[in-house]
Structure formats: structure tokens, C-alpha cells
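Chemist: Quick one: the structure is below, questions incoming.
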Amino acid sequence: MHRIAMIRKELVAASAEPLILSLLAKGESYGYAIIQEIRARSEDKLQWSDGMLYPVLHRLEDRKLIKSRWGESETGRKRKYYSLKEQGKIAMKRHHDEWTLVHSVFANLKKEQYV
Amino acid sequence: MFDIEQSFTEWRKQMLAAGIKTPVPLVELEIHLREDVEKEMLAGADAEKAFEKAARRVGLAGEIGTEFDKTSDRNTFMHKRYLIANAVLWAAAILASAAIHAPVVFSIIILPTLAFASLVIIRPKSNDSDCKKMTPTT
């Protein structure tokens, strides 16, 4: 079986929005924690340049899919926390349906040994 | 000798030169950088190595600036939409007043109401209004 070394840039970019929305569906979070969780869950294969996360977060906020608030960490460090809005839940569901469909077509083709 | 605060200052200058606005999002990026530097140092790296690794992970100022520009372009579009909505609202108000030969008293009531509506109700929301004064904690 082919071992995935690193996810390609295009796929990383395409998956950023659904992954961020899905992570925030678990509860509010902040940039650094989001990056760490994505790295851990993908075993370091899905690597974002840390700084590139923030423009995505800001765009999602402009589109009213997520909201933010300034708070403090346990050590008193300022942090900007993001959480999902109702519109974000709808967007996340749409992403989930789309990705599930793509995955199912792909998996079926593989099962039939066309891939 | 390596001065970590000087490195943060230099890094901030690079970000500002790339067009990243302050306080937001620059503050947010700096908080992220400081958190990463701290984690590296806790894991045993010296300050210089920790800063280098964390700054590399944050990415190149130019690339981040370009990504933020896309967000600003969208905001500019939203602002234009807001201006057009206002213009249409006011044109409608003026035409309506003329069409019904509105008395001066009527205009005094309806026009300020529309002004209120256009300025308050359909005003684009500012997302970062509550964090303008925030600065990163060292």
C-alpha cells in the first residue's frame, strides 16, 4: 500500500475550511490549538504554514460562519477564541455531505479496482 | 548575545512591511509566535533556535500578507455593497417624498428614520472592535 508522505498543497488548501469548521464544532478554540490538533490528527501529514490559518479564520468570520472573542489563557496570555455560528454549522454540514460523496465515489471505484 | 525581544521587534517590522495590519491581525500572529517559542523552549531548545523554528513555522511575511489582502478585498466589496444600499435607500426616500408631495413635517419624520435605518441597521459589523487595544503578553 502506498504510504502518504505529505498531503499536497492543493488538498491542504481545499480541506482547510471544512476542517476548521469541524474542529470548532467540538467547542471554541484558538489558532495555535487548531494548528496543533490538525497536526496531531493527521500525524503531521497535513501541514499548514501557521500564519496562513489566520487569513482563513478571518474570512470565515467575515462570512459570519464563525465568531471570535478575546480572552485569556490560564497563564494570563491574551488569546483570540473562535467558535462556530449557526451559519457555520450549516456550512459544515454541506462540506461534510460533499466530502462524503466524493469519498464514497472514490471508494467504490477503488473497490471495483478502477483506481 | 541573542536578544529575543529584538527578534520579535524585527519580525513585527517584516510583517508590517508586508502590509499586515496592526493591532489585528498582527497581534494575533505575534501571540501565536510567542506561544510557539515558549513551547519550543519548554521542550529544551535555546531561545535563538526556538525563535527560528517558530518564526519559520509562522511563514513568510509576504505570503501571509497576500492571503490577508484577499480578505481585505472582500471587505472592500462588502463596503461598496453597503454604500450602494445606502444610496438606493436615500434615492427611494427622496423620490417617495417628491411623489407623494410630502409635507415638510412628514419629511422630518421619514427621512431621519431612513437615515437611522441606513446607518445603524444595515451597517457592516466590525469584528474586531473589542480588541483594538489588545497587545500580546510577553
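If you're matching them up, the sequences are chains A and B in order. Note that the working numbering gives residue 20 to position 20 of the first sequence, counting from 1, and the numbers run on in steps of one. Note that the working numbering gives residue 1122 to position 122 of the second sequence, counting from 1, and the numbers run on in steps of one. Note that CB positions come from ideal geometry on N, CA and C, so glycine has one too.
Pull up the distance between the alpha-carbon of A:Leu24 and that of B:Leu1029, whole angstroms please.
Modeler: The residue given as residue 24 of chain A occupies position 24 in the first sequence. The residue given as residue 1029 of chain B occupies position 29 in the second sequence. Looking at the two C-alpha atoms, the distance is approximately 19 Å.
Chemist: Suppose you measure from the CA of A:Arg63 to the CA of B:Pro1112; what does that come to, to the nearest Å?
Modeler: Within the first sequence, the letter at position 63 stands for residue 63 of chain A. Within the second sequence, the letter at position 112 stands for residue 1112 of chain B. Straight-line Cα distance between these residues: approximately 30 Å.
Chemist: If we count the other Cβ atoms within 10 Å of its Cβ and call it buried at 16 or more, is B:Leu1042 buried or exposed?
Modeler: Within the second sequence, the letter at position 42 stands for residue 1042 of chain B. Burial call: exposed.
Chemist: May I ask which residues mark the beginning and end of the beta strand (DSSP E) holding A:Ser117?
Modeler: There is no way to answer for residue 117 of chain A, as the model of chain A reaches only from 1 to 115.
Chemist: Opposite B:Ser1118 in the DSSP bridges: which residues?
Modeler: Position 118 of the second sequence, counted from the first residue, corresponds to residue 1118 of chain B. For B:Ser1118, which the question treats as bridged, DSSP gives no partner whatsoever.
Chemist: Rounded to whole angstroms, what's the CA-CA distance from B:Phe1095 to B:Arg1081? Just pull it up for me.
Modeler: In the second sequence, the residue the question calls residue 1095 of chain B occupies position 95. In the second sequence, the residue the question calls residue 1081 of chain B occupies position 81. Here the sequence assigns Leu to residue 1095 of chain B, which means Phe is not the residue at that position. Roughly 21 Å between the two C-alpha positions.
Chemist: Between the beta-carbon of A:Leu46 and the beta-carbon of A:Val102, is there less than 8 Å?
Modeler: Against the first sequence, residue 46 of chain A aligns to sequence position 46. Against the first sequence, residue 102 of chain A aligns to sequence position 102. No.
Chemist: Could you confirm whether any beta carbon from chain A is found closer than 8 Å to the beta carbon of B:Thr1009?
Modeler: Your numbering for residue 1009 of chain B matches position 9 in the second sequence. B:Thr1009 does not count as touching chain A.
Chemist: Could you give the residue range of the beta strand (DSSP E) that holds A:Lys78?
Modeler: In the first sequence, counting from the first residue as 1, residue 78 of chain A sits at position 78. Looking at the DSSP string, the run of the beta strand (DSSP E) that includes A:Lys78 is 78-84.
Chemist: To test your reading of the DSSP string, which unbroken beta strand (DSSP E) runs of 3 or more residues are found completely within the stretch 1036-1083 of chain B?
Modeler: The stretch 1036-1083 of chain B contains no whole beta strand (DSSP E) run of 3 or more residues.
Chemist: Mind reading off the beta-carbon distance from B:Gly1059 to A:Asp50? Whole number of angstroms is fine, and I expect it under 8 Å.
Modeler: Start at 1 with the first residue of the second sequence, and residue 1059 of chain B comes out as number 59. Start at 1 with the first residue of the first sequence, and residue 50 of chain A comes out as number 50. Confirmed, Cβ separation roughly 6 Å.
Chemist: So, B:Lys1070 versus A:Pro55, is the Cβ gap smaller than 8 Å?
Modeler: Start at 1 with the first residue of the second sequence, and residue 1070 of chain B comes out as number 70. Start at 1 with the first residue of the first sequence, and residue 55 of chain A comes out as number 55. Yes.
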